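Residue numbers (the UniProt record's numbering): 1 to 909. Worksheet for the structure shown next.
Right, here's the structure in full:
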């Protein structure tokens, strides 16, 4: 039988980790290649929106695009015809090519099979395709345009492991033996004969069309990864080690099984949206002015960008969900990804969306909802969504990752899966990674395609993140996506850049637009232009917060003690962890009821942080009453600015930039209460709210040390002291914060284009230094981001990175953060996690700190080296953290559940 079979059947494509398992020990390479191609056939069915949309962009018929994509995927593992790859396993099937364990797979001469595919193609252009012409693959002629198209198309498929590849400078005629190259060539001609790719012979003569196709390769590459993942599922594509006529296998096995694979994973059908019934029917309450606008807006066709600016509590999230629903209803999107600034805000949004997202679609539809951030497995509500693990393939070699293994990691790591789910909720970082040179970046990009991208608290992005967000909006607009940006404090300069980026992606005029000064304001950008809608706001959020200053921490502490004694509750937001700990300890020493003093910051292990969050929500949340609130004081850092729905009777804040103070003031009298603190339905009955600021005395002409001498911690965190001086000046002149009437004025008075000349001379040098730092951050983002015009190729970036690489990321910091795992010794002397828990005890015993602080930890005891090695072998994930045996002592660092991690000495951070 083998003697009569074509030579390409002598190569395996997938091999089992254990040859003793039931069934065939390997899956022949032609069969696996067709499995993946069959998945692509269904993914790009002309019935799907993705195929129709991309075909329309390329001026191709959907059937033509499908045929080209299927052919490329049929060749995606062409590099496995290399003898070096074949030598990675011994399936034990008679007739397979002889192996040679001495071949250095993954080296320059014997490259990884993904790159080997590109080398094969390069060899074909020099040999077979040069001699026979493209007619061997059903193409009429060979010219420079057709060659470039083939390289773009096939190199995209060769990069199915999540990184683009090219042939490089490899001078070898083939990455395999001569018979390997012959088998590879015969296989390509065989599948081309009956797959009949419909080549774009006319279009490839147009250089502009080739540029357009080059950009589309990002999208095609993402789905190539998906196709390879699904096509590697052994439960759907059982291994076959005996030859069979390929065309018969294609029709009788590959295509039917691929249809089942798509149905199993949710790719098999498009969800049917439900009609939006109106705010009152959908949410059960009367709409705010912003929500009413979103409901009644005259609808527009095509991709759209919305910017919703309103005060905290105005219902921006619900307004965004109304717009999402209407985009779904009108067929302008099929899903949504919501990007939040932090894991805590992501968790909160996940809980809100989980209760309503199914009603966006017709009854009986079950869209996927996924949470995406690094600690999502600690969210008990999300952990109900678990995907069964596939059987594992043979791992082949140290650097050879199989598709099913990557699939298993991918399904367990929802940060990659989330953007492919119908509904994703996570940090904005997951969207930013779509434009950075990370492995599987293209998955994130296609995950955003046909989705509404919603970014909440967009003003929370620093200059580096904002520049990356501009690139995301440009790429998203280019692939026909709509986006919604939510904010309470967005400077006009940042808004202009975001709008310009989206318009650039739509190939529209990037001339700076004239922006309304009104606030609240809804803005819509379509291909026809920009529309701005000044709005009213709900009566309950129209208020004035008076601002008064204090200059000494002792004054603040006495004020807080008086508040507690009066039966009210309060919060003091400090700008550094060390300052928060110092304030907490001072209050503990002087309070009549020290047990009513709480501390919350980022240097608690996850278990303690979760417990403090829950306690704070119960004590100060929306449902809290007078009894639970009376006399309680929370000392916190910035972690309460956006993460938690808390409501305080009194608030003190260290001086901070204007936008952050507005956010902090949003936690003051956030919900309506009577004079005692009980929730009420009517007007708030407490005295008018006052935000107290701990700040240096105001000076018209301050010196360079105006802030750094009295508040060194604040000066180190917020380094543009000119902006802090402008903040204090504006609040002093206005006497408080009028919301929403003065919101625009307050923000622009600090961050506006006319603000810089008002900074006093003594603070100008530091301000200019920070302006240079901000420019540097934007330049670094521009340097790191992908050049999307280059298409899915190695030329799109100087370097590509694995997900865990630290050389490049979605956020910049002066020094990296280190994960610390707290360890204790059990009664039997064994190493145990600091936290006792039935699940995730090690993760719950971790926290992240700056590298400089981590360096203060003591070295691991030499006497326990063996125990540490055994622990790391058992719990391999701990290799990426610094282990700290807390109870050993002898360190300037200590940890406790009530204070967190702190220096024993009084050195500030």
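Every residue gets a Cβ at the ideal spot worked out from N, C-alpha and C, and that includes glycine. This one's a predicted model, so the numbers in the text were calculated from it and none came from an experiment.
Check                                                                                                          : Outcome
Proximity of residue 306 and residue 491 at Cβ, strictly below 8 angstroms                                     : no
At least 3 beta-carbon pairs within less than 8 angstroms: the segment 491-503 vs the segment 263-279          : no
Alpha helix (DSSP H) runs contained entirely in the segment 21-50, provided each spans 4 or more residues      : 29-43
Simplified DSSP assignment, three categories, for residue 571                                                  : strand
Under 8 angstroms between C-beta atoms of residue 737 and residue 691                                          : yes
Own chain, CB closer than 7 angstroms to residue 326, minus 5 neighbours either side, in chain order           : 276 and 299
Simplified DSSP state of residue 410, which is helix, strand or coil                                           : Note that residue 410 scores 34 on pLDDT, short of 50, meaning its location in the model is unreliable; the coordinates nonetheless yield the value given after this. Residue 410: helix per DSSP, three-state reduction.
Span of the alpha helix (DSSP H), counted from its first residue to its last, around residue 865               : 865-874
Nearest neighbour of residue 3, chosen from 242, 489, 786 and 227 [CA to CA]                                   : 242
Proximal residues to residue 132 (C-beta, below 6 angstroms), its chain only, five neighbours per side dropped : none
Residue range of the unbroken beta strand (DSSP E) whose run includes residue 833                              : 831-833
N- and C-terminal bounds of the alpha helix (DSSP H) containing residue 446                                    : 441-448
Beta-carbon gap between residue 279 and residue 304 smaller than 8 angstroms                                   : no
Nearest to residue 521 (by Cα), restricted to the options 145, 486 and 765                                     : 486
For residue 361, the residue or residues it bridges with in DSSP                                               : 273
Residue(s) in a DSSP beta bridge with residue 336                                                              : 423 and 452
Continuous beta strand (DSSP E) stretch holding residue 810: start and end                                     : It is not in any beta strand (DSSP E) - residue 810 carries neither H nor E in the DSSP assignment.
C-alpha distance - residue 742 paired with residue 701, whole-angstrom precision                               : 26 angstroms
Beta-carbon proximity of residue 220 to residue 69, cut-off 8 angstroms                                        : yes
Check: residue 136 C-beta below 7 angstroms from any heavy atom of the ligand SAH                              : Absent from the structure shown: the ligand SAH. Ligands present: none.
Residue 12 (DSSP reduced to helix, strand or coil)                                                             : strand
Endpoints, alpha helix (DSSP H) assigned at residue 534                                                        : Taken as a continuous stretch (DSSP letters only), residue 534 belongs to no alpha helix (DSSP H), being part of the beta strand (DSSP E) at 529-534.
The alpha helix (DSSP H) enclosing residue 293, as first and last residue numbers                              : 289-296
Beta-carbon proximity check, residue 167 vs residue 130, cutoff 8 angstroms                                    : no
Continuous beta strand (DSSP E) stretch holding residue 483: start and end                                     : 482-487
Every unbroken alpha helix (DSSP H) within the segment 562-609, with a cutoff of 4 residues, ordered by chain  : 577-590
DSSP state of residue 229 mapped onto helix, strand, coil                                                      : helix
Simplified DSSP state of residue 690, which is helix, strand or coil                                           : strand
Residue from 817, 704, 789 and 745 with nearest C-alpha to residue 764                                         : 704
4-residue-minimum alpha helix (DSSP H) runs that sit fully inside the segment 654-717, ordered along the chain : 658-665 and 712-717
Length of the line joining the Cα atoms of residue 811 and residue 164                                         : 24 angstroms
Where the alpha helix (DSSP H) containing residue 190 begins and where it ends                                 : 178-195
DSSP beta-bridge partners of residue 895                                                                       : 901
Alpha carbon of residue 100 to alpha carbon of residue 194, nearest angstrom                                   : 34 angstroms
Delimiting residues of the alpha helix (DSSP H) encompassing residue 306                                       : Segment 305-309 is the beta strand (DSSP E) holding residue 306; no alpha helix (DSSP H) there.
The alpha helix (DSSP H) enclosing residue 326, as first and last residue numbers                              : 316-329
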